[in-house]
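In this note's numbering, the protein residues as written are 82 to 487.
Just below is one structure, and these are the notes that go with it.
Below, the structure is given as structure tokens:
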């Protein structure tokens, strides 16, 4: 019987022939913990009486959610993680190097075929490089630190065959929003989503955006691969792999999408949102803080000034992306347009700091969630869109269709 990508990776991680529905004990290649959940992980680790980490070389602690520290509590939490990491000889990243999901792929800590577990639901982003990324809670992460393994149920898989080429102003963000629109926010509950690309021209940045939001459809993980690339052959599913269902999507027919409040599944064509007034535009996060995203936004803003009624916050996902944008002149484009460029942090994406919304405010963000209160006050609203649409909203003070305006 042929295997899906998830079945292959979990078979390797468990050392046993594993298929959908099996419960198996697996050893992750990498476990990473961020500062927002880190305190609970350490609390659980200490409560269970653990004295050592089983595989310290496979663990990374990272301070990215509340960096720089917004208050004494967040500063103390980061300090506790750092001390714990030093005591147990675990790698600690804590000086603003970047947002975990993007940074660890950029640094090569995550590579194809790996089984990766993180303390964050968007660990699924690892699927951009055909790794299996799974998010777990604090108690399970603590058990992994102590034991080096945990139990996992092998997920069933669904597959989307992505045909054709995207038009201008259409990005990976629109692909995943279209998929979530089709299947709903629970359409992939505890399933592995396979997204097979026909066009090798789709960038790694688009793949990051696609994989990152598979969890918004309820997926256990999501893997993106090029079905026609010989270099990815080992990580492709077998031709006779079994899927719960399979769909085809014509990328050439897609238009820019917008997810209306208060769900990533409330998806419409951008034309349905035309005229919505905006107070803030937030560009940059673990899904869409790449250099490509900055280029797309700069294409809209170059030589222009954002609306006086809008504040725009730009957050490069990693320091190296920030540095590249600085050298290429993109940062200057943003500053000249009136935008604020912030350090790499999760920040306002999760309503933590550095750009949270007030009551009644409306934001356009190229982030991944727009639940009520996600970016601040419960009375605020967030529209999710790609970087072109977000930048154009900052320029015009309202949501516009770039295919019509530009």
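All residues carry an ideal CB built from backbone N, CA and C; glycine is no exception.
Check whether residue i and residue j have beta carbons under 9 Å apart
i, j, result
"residue 313", "residue 193", "yes"
"residue 108", "residue 275", "no"
"residue 90", "residue 212", "yes"
"residue 147", "residue 427", "yes"
"residue 439", "residue 458", "yes"
"residue 330", "residue 256", "yes"
"residue 167", "residue 143", "no"
"residue 113", "residue 200", "yes"
"residue 473", "residue 381", "yes"
Unbroken beta strand (DSSP E) run spanning residue i, endpoints
i, result
"residue 392", "392 to 395"
"residue 89", "Taken as a continuous stretch (DSSP letters only), residue 89 belongs to no beta strand (DSSP E), being part of the alpha helix (DSSP H) at 86 to 95."
"residue 107", "104 to 107"
"residue 340", "338 to 340"
"residue 348", "348 to 350"
Cut-off 7 Å between Cβ atoms - residues of its own chain near residue i, not counting five sequence neighbours on either side
i, result
"residue 88", "99, 100, 101 and 235"
"residue 489", "Given a span of 82 to 487 for the chain in the structure shown, any question on residue 489 remains unanswerable."
"residue 463", "342, 444, 446, 451, 455 and 456"
"residue 385", "418 and 476"
"residue 121", "219"
DSSP beta-bridge partners of residue i
i, result
"residue 462", "443"
"residue 214", "197"
"residue 231", "107"
"residue 241", "276 and 328"
"residue 364", "395"
"residue 153", "Its beta-bridge partners do not exist; DSSP assigns none."
"residue 179", "399"
"residue 386", "Per DSSP, none; premise fails for residue 386."
"residue 448", "DSSP output for residue 448 lists no bridge partner at all."
"residue 490", "The first residue shown for the chain is 82 and the last is 487, placing residue 490 beyond what the model contains."
Sequence-distant residues of its chain with Cβ nearer than 8 Å to residue i (five each side left out)
i, result
"residue 133", "169 and 227"
DSSP-derived helix/strand/coil call for residue i
i, result
"residue 115", "strand"
"residue 83", "coil"
"residue 208", "helix"
"residue 309", "coil"
"residue 415", "helix"
"residue 434", "coil"
"residue 371", "coil"
Own chain partners of residue i with C-beta closer than 6 Å, once the 5 adjacent residues on each side are dropped
i, result
"residue 318", "85 and 86"
Contact test: residue i Cβ vs the ligand GTP heavy atom, cutoff 8 Å
i, result
"residue 331", "What this structure holds is no ligand at all, so the ligand GTP is not there to describe."
Enclosing alpha helix (DSSP H) for residue i [first to last residue]
i, result
"residue 256", "253 to 264"
"residue 405", "400 to 409"
"residue 286", "285 to 293"
"residue 469", "468 to 477"
Any chain B beta carbon closer than 9 Å to residue i
i, result
"residue 336", "The displayed structure is made up of one protein chain only, and chain B is not part of it."
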